[in-house]
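Just so we're aligned, residue 216 is where the sequence shown starts under the working numbering, counting upward by one.
Backbone N, C-alpha and C define an ideal beta-carbon position, used for all residues, glycine too.
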Amino acid sequence: MKFSLAAATAMMGAAQAVNVQVVSVGRNPVNNATGLKFWPEKIKAEPGTMVQFQFLAGNHTATQSDFDHPCKPIQEVNPNVQGIFSSYQPVAASASQKEIPVFTIMVNDTKPMWFFCSQGPHCEKGMSMVINENTGANSSRSIENYKMLSAGASPSTGGSNTGSGSNTGSGSGSGSGSGSTSPGGSGTSPSQESGSATTPAGAASSTPTTAGASVAGVSSSALLALGAVFMLL
Numbered sequence: 216m217k218f219s220l221a222a223a224t225a226m227m228g229a230a231q232a233v234n235v236q237v238v239s240v241g242r243n244p245v246n247n248a249t250g251l252k253f254w255p256e257k258i259k260a261e262p263g264t265m266v267q268f269q270f271l272a273g274n275h276t277a278t279q280s281d282f283d284h285p286c287k288p289i290q291e292v293n294p295n296v297q298g299i300f301s302s303y304q305p306v307a308a309s310a311s312q313k314e315i316p317v318f319t320i321m322v323n324d325t326k327p328m329w330f331f332c333s334q335g336p337h338c339e340k341g342m343s344m345v346i347n348e349n350t351g352a353n354s355s356r357s358i359e360n361y362k363m364l365s366a367g368a369s370p371s372t373g374g375s376n377t378g379s380g381s382n383t384g385s386g387s388g389s390g391s392g393s394g395s396t397s398p399g400g401s402g403t404s405p406s407q408e409s410g411s412a413t414t415p416a417g418a419a420s421s422t423p424t425t426a427g428a429s430v431a432g433v434s435s436s437a438l439l440a441l442g443a444v445f446m447l448l
């Protein structure tokens, strides 16, 4: 993807108003290494930050769990909570159309949010990541320990379509979205310990149903362009 200096400058200015953090799924865009992994595996995101999952290889998901039940969609632990689920994102199918599947959420607070890939045994093999890990509050709740627990977990049955959603953005920065995500809770008491997030407007087909969530008025195409700028910085 190429940008003119003026366009890059304009998007960097917009990025200052909309903080976008990119998580690459299945492939490291820096060295093109592929694997069952999110790059990076942990990020810090302030409330209002957009986190964009860019699916670059394979067929993966971004599925929310809690720390105590790794590799299990959070709504299976607490039926009253609708967790975040990107749906399955087959990269090869999108590549034929010169598109990059993306899934964007807005972080609503600073509580930890745990994610894994629910494709087959990917989570059990270590494909997981965390937003706002807080080992200062509890040193045992780290991504490393989450992975250790994951290794002994039962294979995931996948996410729930009720709380699912996806955005598809093209390589030129255009995009469209469908589906929806709703925030969830996690930990021993999921509704209290886990952070919440929502998909931005234009990517959602229904209003999130949990408290504390707001819909961001930012299009998926703008987020894809901003995400690309952040990766170039």
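Contact check, residue i vs residue j, beta carbons under 8 angstroms
i: residue 343; j: residue 358; result: yes
i: residue 318; j: residue 278; result: no
i: residue 258; j: residue 412; result: no
i: residue 251; j: residue 341; result: yes
i: residue 366; j: residue 339; result: yes
i: residue 262; j: residue 323; result: yes
i: residue 268; j: residue 361; result: no
i: residue 265; j: residue 235; result: yes
i: residue 329; j: residue 369; result: no
Under the three-state DSSP convention, the category residue i falls into
i: residue 321; result: strand
i: residue 339; result: coil
i: residue 412; result: strand
i: residue 315; result: strand
i: residue 299; result: coil
Alpha-carbon to alpha-carbon, residue j and residue i
i: residue 410; j: residue 293; result: 15 angstroms
i: residue 315; j: residue 254; result: 16 angstroms
i: residue 327; j: residue 346; result: 6 angstroms
i: residue 302; j: residue 333; result: 9 angstroms
i: residue 288; j: residue 295; result: 12 angstroms
i: residue 307; j: residue 356; result: 35 angstroms
i: residue 239; j: residue 297; result: 24 angstroms
i: residue 353; j: residue 313; result: 43 angstroms
i: residue 233; j: residue 256; result: 22 angstroms
i: residue 305; j: residue 271; result: 9 angstroms
i: residue 243; j: residue 336; result: 20 angstroms
i: residue 248; j: residue 273; result: 12 angstroms
i: residue 291; j: residue 309; result: 30 angstroms
i: residue 260; j: residue 275; result: 22 angstroms
Limits of the unbroken beta strand (DSSP E) element including residue i
i: residue 330; result: 328-331
Element boundaries [alpha helix (DSSP H), containing residue i]
i: residue 358; result: 358-366
i: residue 307; result: 306-310
Could you pull out every unbroken alpha helix (DSSP H) segment of at least 4 residues lying fully inside the segment 220-297, listed in chain order?
Taking only runs of at least 4 residues, the alpha helix (DSSP H) segments lying wholly in the segment 220-297 are 220-232 and 289-292.
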